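J.:
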Amino acid sequence: MTAIAQSSIPANSTWTVDAVHSTVGFAVKHMVVSTFRGRFETYDATLTAGEDGALRLVGSVAADSISVKDENLAAHLKAPDFFDTERFPQVTFNSTLVRTDSGELIVDGELTIKGITRPIEARGTITEPAVTFGDVEKLGVELEAIVDRTEYGLDWNAPLPKGGFALANEVKLQVNLELARA
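Per the working numbering, the sequence shown starts with residue 1, numbered consecutively.
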């Protein structure tokens, strides 16, 4: 992925997610020894460039679209111990500042999970717009951020017999977006 300056994106343009070619997921240390990964199947994202060229990224995830390899675990993740999807069906993100520094994309914003909104900083890359099949102009955004899940009310954990806990509090959020110009 070639990183670009945000000024390469045309002013007054809107870019919408191509969900077939994008992913929204997470990774968390499990049982102290390995990294567990999951993803969400239903999400939306829009990148806009204002008249002045300033970028804004917004997105949402349907919390009950969480996908893991075990249906019992998926049910637990949808329950009040974790996402409580009945009461809180959406996870949302709204950027407050999008910038580049030495070729790295930095996105500051607010992440809301279970009705709790906290500031977050994500880092990654953004690609130069390119014309693809069907004469569609696209660009790519890849971002990672680290959050403490307990700050969002995702508090469940279990102590291990010889020390440590089943889950780390630190979770890596991973967003890979292919966005098409609207």
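From the three backbone atoms N, C-alpha and C, an ideal C-beta is built for every residue, glycine too.
Keep in mind it's a predicted model, so treat the numbers as computed, not measured.
From which residue to which residue does the beta strand (DSSP E) around glutamate 41 run?
T.: Premise fails: glutamate 41 is in no beta strand (DSSP E) and is neither H nor E.
J.: Helix, strand or coil for valine 131 per DSSP?
T.: Valine 131 falls in the strand class under three-state DSSP.
J.: Roughly how many whole angstroms lie between the Cα atoms of alanine 122 and threonine 100?
T.: Distance between the alpha carbons of alanine 122 and threonine 100 is about 11 Å.
J.: Which stretch, first to last residue, makes up the alpha helix (DSSP H) that contains glutamate 71?
T.: Where glutamate 71 is concerned, the enclosing alpha helix (DSSP H) stretches over 71-78.
J.: When you compare the stretch 13-32 with the stretch 171-181, are there three or more beta-carbon pairs, one atom per stretch, that lie closer than 8 Å?
T.: They touch, by the three-pair rule.
J.: So, is threonine 35 buried or exposed, given that buried needs 16 or more other C-beta atoms within 10 angstroms?
T.: By the neighbour-count rule (16 or more Cβ atoms within 10 Å), threonine 35 is not buried but exposed.
J.: Tell me which residue opens and which closes the beta strand (DSSP E) that threonine 194 is part of.
T.: Within the shown structure, residues of the chain are numbered from 1 to 182, placing residue 194 beyond reach of any answer.
J.: Between the Cα of arginine 37 and those of Thr132, Arg56 and Lys69, spot the shortest distance and give me the residue it belongs to.
T.: Arginine 37 has its Cα closest to that of Lys69, out of Thr132, Arg56 and Lys69.
J.: Taking the Cβ atom as the reference point for each residue, do glutamine 90 and alanine 63 lie within a distance shorter than 8 Å?
T.: Taking 8 Å as the Cβ cut-off, glutamine 90 and alanine 63 qualify as a contacting pair.
J.: Determine the extent of the beta strand (DSSP E) in which valine 24 is found, giving its start and end residues.
T.: Residues 23-30.
J.: Tell me which same chain residues have a C-beta within less than 7 Å of the C-beta of alanine 145, skipping the five on either side of it?
T.: Same-chain partners within the cutoff: Ile120, Glu121, Ala122 and Leu173.
J.: Take leucine 105 and list the residues in its own chain whose beta-carbon comes closer than 6 Å to its own, dropping the five residues that flank it on each side.
T.: These residues qualify, in order along the chain: Gly124, Thr125 and Ile126.
J.: Rounded to whole angstroms, what is the Cα-Cα separation between alanine 49 and serine 22?
T.: Rounded to the nearest angstrom, the two C-alpha atoms are 20 Å apart.
J.: Pick out the complete beta strand (DSSP E) segments inside the stretch 125-172, 3 residues or longer, and give them in chain order.
T.: Counting only runs of 3 or more, we get 130-132 and 136-148.
J.: Span of the beta strand (DSSP E) holding glycine 59?
T.: First-last of the beta strand (DSSP E) with glycine 59: 55-62.
J.: Check alanine 11 in the structure and name its three-state DSSP category.
T.: Of the three classes helix, strand and coil, the one that applies to alanine 11 here is coil, per DSSP.
J.: Determine the DSSP secondary structure at valine 91, reduced to helix, strand or coil.
T.: The answer is strand: DSSP assigns valine 91 an E or B state.
J.: Using C-beta distances below 6 Å, list every residue in its chain close to glycine 153, excluding the 5 sequence neighbours before and after it, in chain order.
T.: The residues are Lys114 and Ile116.
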